[in-house]
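Q:
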Amino acid sequence: MSRPVRFNIHPKEANTADAVGVAEAPEGYAGEGFFTTKLSDVVGLARKNSLWPLPFATSCCGIEFMATMGSHYDLARFGSERVGFSPRQCDLLMVMGTIAKKMGPVLRQVYLQMAEPRWVIAVGACASSGGIFDTYSVLQGIDQIIPVDVYVPGCPPRPEAILDGIINIQKLVGQESIRRRNSEQYQALMNSYGIQ
Amino acid sequence: MTNETIQQKLQEKFGESVFHFEESYGMLSFEADKENNLKVLQFLFDDETLQFRFMTDLCAVNYPDDKGRELAVVYHLHNLKDNVRIRFKVFTAIETPDVYTASKLFAAANWMERETYDFYGVNFVGHPNLKRILNVDEMDYFPMRKEYPLEDQTRIDKDDEMFGR
Numbered sequence: 209m210s211r212p213v214r215f216n217i218h219p220k221e222a223n224t225a226d227a228v229g230v231a232e233a234p235e236g237y238a239g240e241g242f243f244t245t246k247l248s249d250v251v252g253l254a255r256k257n258s259l260w261p262l263p264f265a266t267s268c269c270g271i272e273f274m275a276t277m278g279s280h281y282d283l284a285r286f287g288s289e290r291v292g293f294s295p296r297q298c299d300l301l302m303v304m305g306t307i308a309k310k311m312g313p314v315l316r317q318v319y320l321q322m323a324e325p326r327w328v329i330a331v332g333a334c335a336s337s338g339g340i341f342d343t344y345s346v347l348q349g350i351d352q353i354i355p356v357d358v359y360v361p362g363c364p365p366r367p368e369a370i371l372d373g374i375i376n377i378q379k380l381v382g383q384e385s386i387r388r389r390n391s392e393q394y395q396a397l398m399n400s401y402g403i404q
Numbered sequence: 018m019t020n021e022t023i024q025q026k027l028q029e030k031f032g033e034s035v036f037h038f039e040e041s042y043g044m045l046s047f048e049a050d051k052e053n054n055l056k057v058l059q060f061l062f063d064d065e066t067l068q069f070r071f072m073t074d075l076c077a078v079n080y081p082d083d084k085g086r087e088l089a090v091v092y093h094l095h096n097l098k099d100n101v102r103i104r105f106k107v108f109t110a111i112e113t114p115d116v117y118t119a120s121k122l123f124a125a126a127n128w129m130e131r132e133t134y135d136f137y138g139v140n141f142v143g144h145p146n147l148k149r150i151l152n153v154d155e156m157d158y159f160p161m162r163k164e165y166p167l168e169d170q171t172r173i174d175k176d177d178e179m180f181g182r
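So the sequences go chain by chain: A and B. So that you can map any letter, position 123 of the first sequence is 331 in the numbering used here, and since no number is skipped, the others follow by simple counting. So that you can map any letter, position 64 of the second sequence is 81 in the numbering used here, and since no number is skipped, the others follow by simple counting.
1) Buried or exposed for B/T22, please, with buried defined as at least 16 other CB atoms from any protein chain shown within 10 angstroms of its CB.
2) Note down the Cα distance separating B/A89 from B/D99, rounded to an integer number of angstroms.
3) How many Å lie between A/V250 and A/I375 at the Cα?
4) Here's a check: name, in chain order, each residue in its chain whose Cβ is nearer than 7 Å to the Cβ of A/R316, leaving out the five neighbours to either side.
5) Let me know the beta strand (DSSP E) ranges lying completely inside the segment 67-148 of chain B, each 3 residues or longer, listed in chain order.
6) At which residues does the alpha helix (DSSP H) containing A/E289 begin and terminate?
7) Please compile the residues from chain B whose C-beta is within a distance smaller than 8 Å of the C-beta of A/Y401.
8) Is there at least one Cβ from chain B nearer than 7 Å to A/K310's Cβ?
9) List, in chain order, every chain B residue whose beta-carbon is nearer than 7 Å to that of A/Y344.
10) Assuming A/V318 contacts A/F243 under a Cβ cut-off of 8 Å, what Cβ separation, rounded to an integer in Å, is found between them?
11) Straight-line CA distance for A/A238 to A/T245?
12) Go ahead and label A/G252 buried or exposed: buried means 16 or more other beta carbons lie within 10 angstroms of its beta carbon, across all protein chains shown.
13) Using only alpha-carbon positions, find the residue among A/G292, A/N390, A/I217, A/F286 that is nearest to A/D372.
14) Do A/G332 and A/P365 come within 7 Å of each other at the CB atom, strictly closer than that value?
15) Within a Cβ cutoff of 7 Å, which residues of the same chain sit near A/D357, ignoring the five residues on either side of it in sequence?
16) Go ahead and pull the three-state DSSP assignment for A/P355.
17) Check whether the Cβ atoms of B/N79 and B/K163 sit closer than 7 Å, and answer yes or no.
18) To test your reading of the DSSP string, which unbroken beta strand (DSSP E) runs of 3 or more residues are found completely within the segment 279-345 of chain A?
19) Check distances from the C-beta atoms of the segment 124-157 of chain B to those of chain A and list, in chain order, the residues that come in under 7 Å.
20) Is the separation between the beta-carbon of B/V101 and that of B/A49 shorter than 7 Å?
21) State the Cα-Cα distance for the pair B/Y165 and B/D83, rounded to the nearest angstrom.
22) Can we say the segment 383-400 of chain A touches the segment 36-45 of chain B, given the rule of at least three CB pairs closer than 8 Å?
23) Per DSSP, which one or two residues make a beta bridge with B/E40?
24) How would you write the range of the beta strand (DSSP E) that A/G236 sits in, first residue to last?
25) When the Cα of B/V91 is compared with those of B/H144, B/T73, B/L97, which residue comes out closest?
In structure tokens form, the structure reads like this:
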């Protein structure tokens with residue numbers, strides 16, 4: 209005999225008192241009806257809480273990323289629910305999985321098509337260093353062809369680790385000066401990768 | 018059609034030019050000089066009873082210790098009518114890895130010869146488009162030859178502590 213189905217007969221009231229987070233306002237001077245602060249802080253706040261990720265998933269780390277996007281881990285909580293599949297629209301390149309040497313120029317092309325400001329996160333051992341594929345056909349880390357901002361270790365990393373990487377990217381994005389992309393150091397970094 | 022009849026027919030036609038007949042797990046395997054590879058393949062294709070008209074696979078093997086016979090090119094052939102398979106090998110020296118192409122006889126050999134060239138550097142004479150198929154075009158070595166150490170011990174970008182080596 210089958211058991212009677214009894215769903216939600218005692219529904220629990222959701223307690224959202226402490227669960228809802230609001231982005232903290234940047235430092236500034238507030239008064240009656242106005243608030244002054246630095247432009248770069250406002251821009252950083254806006255950027256970091258509305259990152260558009262571009263997933264470049266080639267293997268198992270991509271599966272972990274799918275779990276990260278799903279309702280259980282829910283990347284949308286961090287303002288990144290809008291995954292774009294056009295590099296022109298996105299500002300966070302997420303490289304997840306083994307990048308073969310033959311894939312290298314493709315990845316580089318995708319990076320070049322993204323507009324500034326752009327950030328890159330290397331998820332997993334393969335994207336970060338080639339991982340176990342110490343072989344003739346595999347690129348030994350994507351930082352050989354494009355600059356990387358955050359590396360997530362793991363083979364593959366759990367969704368929590370990917371979220372941790374995203375949070376670290378958000379810290380970078382939020383603190384970045386508006387003029388950083390025009391700085392000499394940034395130009396030198398780009399030149400070291402042969403990107404004008 | 019049994020392996021004996023195949024062997025008999027081949028020896029009738031080619032005599033001493035086909036040799037090293039052996040049977041492993043019921044599958045006939047034999048060898049010929051590399052100059053004769055197309056003649057043998059054509060005979061296997063055309064003969065009324067043999068009819069080996071399907072090429073399942075073409076690959077190479079590197080035997081670095083076998084001087085003068087370092088590279089073997091292996092043809093896997095299938096008679097679809099009687100469901101019989103055989104293996105046919107030719108050996109070549111690694112200094113002159115020239116073997117006539119089978120792509121005129123079997124269209125399937127085209128890409129498989131490119132792959133074999135890509136990984137072992139076998140030069141298929143007469144191939145219409147002999148260039149790399151799987152590896153990057155800039156590669157200037159043949160990665161599956163047994164010439165390389167398994168792992169580069171001098172690497173510094175991989176930390177022993179993190180990679181357990």
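Glycine included, every Cβ here is placed at the ideal spot set by N, Cα and C.
A: Based on what the coordinates show:
1) Here residue 22 of chain B refers to the residue found at position 5 of the second sequence. Its Cβ having fewer than 16 others within 10 Å, B/T22 is exposed.
2) Locating residue 89 of chain B in the second sequence gives position 72, counting from the first residue. Locating residue 99 of chain B in the second sequence gives position 82, counting from the first residue. Approximately 27 Å between the Cα atoms of the pair.
3) As a position in the first sequence, residue 250 of chain A is number 42, starting the count at 1. As a position in the first sequence, residue 375 of chain A is number 167, starting the count at 1. So the alpha carbons of these two residues sit roughly 18 Å apart.
4) Your numbering for residue 316 of chain A matches position 108 in the first sequence. Excluding sequence neighbours, A/R316 sits near I353, I354.
5) The qualifying runs are 71-79, 88-96, 101-109, 115-117, 140-142.
6) For the purposes of this step, residue 289 of chain A is taken as the residue at position 81 of the first sequence. Going by DSSP, A/E289 is part of no alpha helix (DSSP H) at all; its letter is neither H nor E.
7) Start at 1 with the first residue of the first sequence, and residue 401 of chain A comes out as number 193. Annotation: A/Y401 has no Cβ neighbours in chain B at a cutoff of 8 Å; minimum Cβ distance is about 16 Å.
8) In the first sequence, residue 310 of chain A corresponds to position 102, counting from 1. Nearest CB-CB separation between A/K310 and chain B: below the 7 Å threshold.
9) Along the first sequence, read from residue 1 onward, the residue named residue 344 of chain A stands at position 136. Chain-order list of chain B residues neighbouring A/Y344: P160, by C-beta distance under 7 Å.
10) Start at 1 with the first residue of the first sequence, and residue 318 of chain A comes out as number 110. Start at 1 with the first residue of the first sequence, and residue 243 of chain A comes out as number 35. Wrong, their Cβ atoms sit about 39 Å apart, outside the cutoff.
11) One-based indexing of the first sequence puts residue 238 of chain A at position 30. One-based indexing of the first sequence puts residue 245 of chain A at position 37. Each residue's alpha carbon lies about 9 Å from the other.
12) Translated into the one-based positions of the first sequence, residue 252 of chain A becomes position 44. Around the beta carbon of A/G252, 16 or more other beta carbons sit within 10 angstroms, so the residue counts as buried.
13) On the first sequence, residue 372 of chain A is found 164 positions in, with the first residue counted as 1. The residue from A/G292, A/N390, A/I217, A/F286 with its alpha-carbon nearest to that of A/D372 is A/F286.
14) In the first sequence, counting from the first residue as 1, residue 365 of chain A sits at position 157. In the first sequence, counting from the first residue as 1, residue 332 of chain A sits at position 124. The answer is yes: Cβ separation under 7 Å.
15) Residue 357 of chain A sits at position 149 when you count from the first residue of the first sequence. W327, V328, I329, I377, L380, listed in sequence order.
16) The count along the first sequence starts at 1 and reaches residue 355 of chain A at position 147. Residue state, collapsed to three classes: coil.
17) One-based indexing of the second sequence puts residue 79 of chain B at position 62. One-based indexing of the second sequence puts residue 163 of chain B at position 146. Yes; because the gap between Cβ atoms is below 7 Å, this pair is in contact.
18) For the segment 279-345 of chain A, the continuous beta strand (DSSP E) assignments of 3+ residues that do not extend past its boundaries occur at 300-304, 327-331, in sequence order.
19) Along the segment 124-157 of chain B, the positions whose C-beta sits under 7 Å from a C-beta of chain A are N152, V153, read in chain order.
20) One-based indexing of the second sequence puts residue 101 of chain B at position 84. One-based indexing of the second sequence puts residue 49 of chain B at position 32. With contacts defined as CB atoms closer than 7 Å, B/V101 and B/A49 fail to qualify as a contacting pair.
21) Counting from 1 along the second sequence, the entry for residue 165 of chain B is found at position 148. Counting from 1 along the second sequence, the entry for residue 83 of chain B is found at position 66. Just so you know, the alpha carbons of B/Y165 and B/D83 end up roughly 17 Å apart.
22) Because the criterion of three Cβ pairs below 8 Å is not met, the segment 383-400 of chain A and the segment 36-45 of chain B do not touch.
23) For the purposes of this step, residue 40 of chain B is identified with residue 23 of the second sequence, where counting begins at 1. BP columns for B/E40 point to B/L45.
24) The residue labelled residue 236 of chain A in the question sits at position 28 within the first sequence. Taken as a continuous stretch (DSSP letters only), the beta strand (DSSP E) holding A/G236 covers 236-239.
25) Numbered from 1 along the second sequence, position 74 holds the residue referred to as residue 91 of chain B. Scanning B/H144, B/T73, B/L97 for the CA closest to the CA of B/V91 turns up B/T73.
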